[in-house]
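Protein chains in written order, with the numbering used here: chain D, 74 to 226; chain W, 74 to 226; chain R, 74 to 226.
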Amino acid sequence: MLVDRVAQLHAAYARAIDDDRLEQWPALFTDPCLYKITSAENYRRGLPAGLVYADSRGMLEDRVTALREANIYERQAYRHLVGLPALDAGADGAIRAETPFLVVRVMRDGTMDLFATGRYMDVMVDEDGTLRFRERVVVCDSSRVDTLLAIPL
Amino acid sequence: MLVDRVAQLHAAYARAIDDDRLEQWPALFTDPCLYKITSAENYRRGLPAGLVYADSRGMLEDRVTALREANIYERQAYRHLVGLPALDAGADGAIRAETPFLVVRVMRDGTMDLFATGRYMDVMVDEDGTLRFRERVVVCDSSRVDTLLAIPL
Amino acid sequence: MLVDRVAQLHAAYARAIDDDRLEQWPALFTDPCLYKITSAENYRRGLPAGLVYADSRGMLEDRVTALREANIYERQAYRHLVGLPALDAGADGAIRAETPFLVVRVMRDGTMDLFATGRYMDVMVDEDGTLRFRERVVVCDSSRVDTLLAIPL
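Given below as structure tokens:
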């Protein structure tokens with residue numbers, strides 16, 4: 074079932090981040106790919122993503138390396154809650170989906186806060202039996218984004 | 074698959090509200106229909122819905138018009154996270170489901186808060202191949218509801 | 074479909090707690106079973122669960138009795154939002170899944186807070202056509218847990 078395969082890919086993505094297995098995150102994308110984080114306002118206006126932009130697995134891997142050097146995961150953890158994907162299978166064999174998400178941040182001292190909400194605008198393709206993101210555009214609802222934002226969403 | 078059709082209807086509902094396409098929201102209901110927002114306490118006691126009540130598409134459309142005139146969406150946005158529906162297909166061909174939800178409100182300045190949680194008590198029917206809500210009763214967990222509540226939940 | 078059966082079991086579990094029908098909660102487990110609540114840190118280190126531990130339906134029923142005597146549900150309610158399960162069907166016929174969750178607490182006066190986030194590490198088995206939890210390990214993200222924590226998660 075298509076919807077189940079999409080759900081499993083979404084779950085694998087969230088687990089790679091939340092379980093601190095970031096090194097497995099780039100392999101969920103095709104190479105080349107498109108990954109960016111933007112705000113709803115910039116997205117609506119067609120403005121370029123201000124926050125994060127990557128168009129290859131190499132760039133995603135560089136980001137993971139930077140996060141490891143910054144020891145971000147020593148100080149905080151994340152929990153993604155991903156909603157129901159609205160699917161749209163295109164004529165080109167690619168699967169398009171829009172999926173809402175919510176991320177809670179858990180600090181080292183145990184405090185939790187609502188970190189981000191938004192929607193994933195995805196294009197997924199099958200590569201030899203494995204579903205991967207050809208594009209994942211993360212559209213955050215809030216235009217006020219933590220300036221220290223470095224982790225993937 | 075039934076559960077997938079239900080999930081797609083739920084996703085379409087949430088997107089119409091969260092993407093500020095309210096004009097598409099009434100068409101997700103049959104006509105006549107039943108739409109109301111109530112609290113868990115009123116629901117348990119069998120008291121009438123205090124907050125919102127509509128029994129036709131026309132009433133839903135009136136509500137959208139009122140929201141547009143009040144410019145609610147200029148000041149705030151919403152993000153629905155909808156959980157797994159517990160399904161119950163009735164003998165009359167209608168589908169009953171209870172589905173938990175959570176709504177985050179995002180203010181214009183970027184602040185986010187937990188706006189509402191609760192469950193949808195739905196009756197859905199197939200109309201010429203399109204699944205629609207014949208009833209959607211929104212039962213909010215909190216009895217303290219924002220008195221300015223005007224947007225659909 | 075396997076994923077649908079798992080989703081329905083998850084939904085039944087959350088509803089039993091959130092709708093204050095705790096008496097129906099133990100029957101969602103096999104007997105004997107394993108139910109525990111632990112923190113991500115203890116889980117990672119392989120330390121024993123500090124919070125809650127039960128290995129039979131009888132122990133789960135005792136917990137429900139204790140909650141009823143403490144009148145916990147007079148003062149607060151809960152809302153579970155459960156994410157997409159990442160499934161892994163084992164060779165022994167048991168189904169393993171990891172599923173993220175978020176729980177909101179709603180106090181009697183209407184205030185809401187983010188109570189817990191984490192993931193369920195489940196082993197489910199089919200017993201005469203009914204899917205049940207043989208194991209449910211609740212791994213909370215935060216190590217700071219409400220010391221009054223008594224309700225099931």
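The beta carbon of each residue, even a glycine, is placed where N, CA and C say it ideally should be.
Does any CB atom of chain W fall closer than 9 Å to the CB of residue i?
i      : result
D:L40  : This structure gives no information on residue 40 of chain D, because the portion of chain D shown stretches from 74 to 226.
R:M58  : Since the first residue shown for chain R is 74 and the last is 226, residue 58 of chain R is missing from the structure and cannot be characterised.
D:L124 : no
R:D182 : yes
R:D91  : yes
Counting only beta-carbon separations shorter than 9 Å, does residue i have a partner in chain R?
i      : result
D:A84  : yes
D:L75  : no
W:A113 : yes
D:R94  : no
W:L226 : no
At a CB-CB cut-off below 7 Å, which residues of chain D make contact with residue i?
i      : result
W:M185 : L187, T190, S215
Could you check whether the Cβ of residue i sits closer than 9 Å to any Cβ belonging to chain D?
i      : result
R:T220 : Bear in mind that the predicted position of R:T220 carries a pLDDT of just 49, short of 50, making it unreliable; the figure below should be weighed with that in mind. No, R:T220 does not count as interfacial toward chain D.
W:L204 : no
W:A80  : yes
R:A127 : no
R:R209 : no
Name the chain D residues that come within less than 8 Å of residue i, Cβ to Cβ?
i      : result
R:L175 : R152, L154, L175, V177
So which residues on chain R does residue i lean against when the C-beta distance must stay under 9 Å?
i     : result
D:A87 : G156, L157, A159, P173
On the DSSP bridge assignment, give the partners of residue i in chain order.
i      : result
W:L124 : According to DSSP, W:L124 bridges with nothing at all.
D:S112 : D:C213
D:F188 : Bridge partners of D:F188: none, in fact.
W:H153 : W:V176
W:D77  : None; W:D77 has no bridge partner.
R:Y193 : R:T172, R:V211
W:T138 : Looking at the DSSP assignment, W:T138 forms no beta bridge with any residue, so it has no partner.
W:L82  : Answer is none; W:L82 lacks a bridge partner.
W:A89  : Answer by DSSP bridge pairing: none, since W:A89 is not bridged.
D:R205 : D:V198
Q) Got a sec: which bits of the segment 135-164 of chain W sit with their beta carbon under 8 Å from any beta carbon on chain R, in order along the chain? A) Within the segment 135-164 of chain W, the qualifying residues are L154, G156, L157, P158, A159, L160.
Q: Report yes or no: do the segment 155-166 of chain W and the segment 89-102 of chain R share at least 3 C-beta pairs separated by less than 8 Å?
A: They do not touch, by the three-pair rule.
Q) Does the count of Cβ pairs from the segment 76-86 of chain D and the segment 197-212 of chain D closer than 8 Å reach three? A) Counting Cβ pairs under 8 Å, three or more are found: they touch.
Q: For the segment 161-175 of chain R and the segment 137-144 of chain R, state whether three or more C-beta atom pairs, one from each stretch, are separated by less than 8 Å.
A: Judged by Cβ distances under 8 Å, the segment 161-175 of chain R makes no contact with the segment 137-144 of chain R, as fewer than three pairs qualify.
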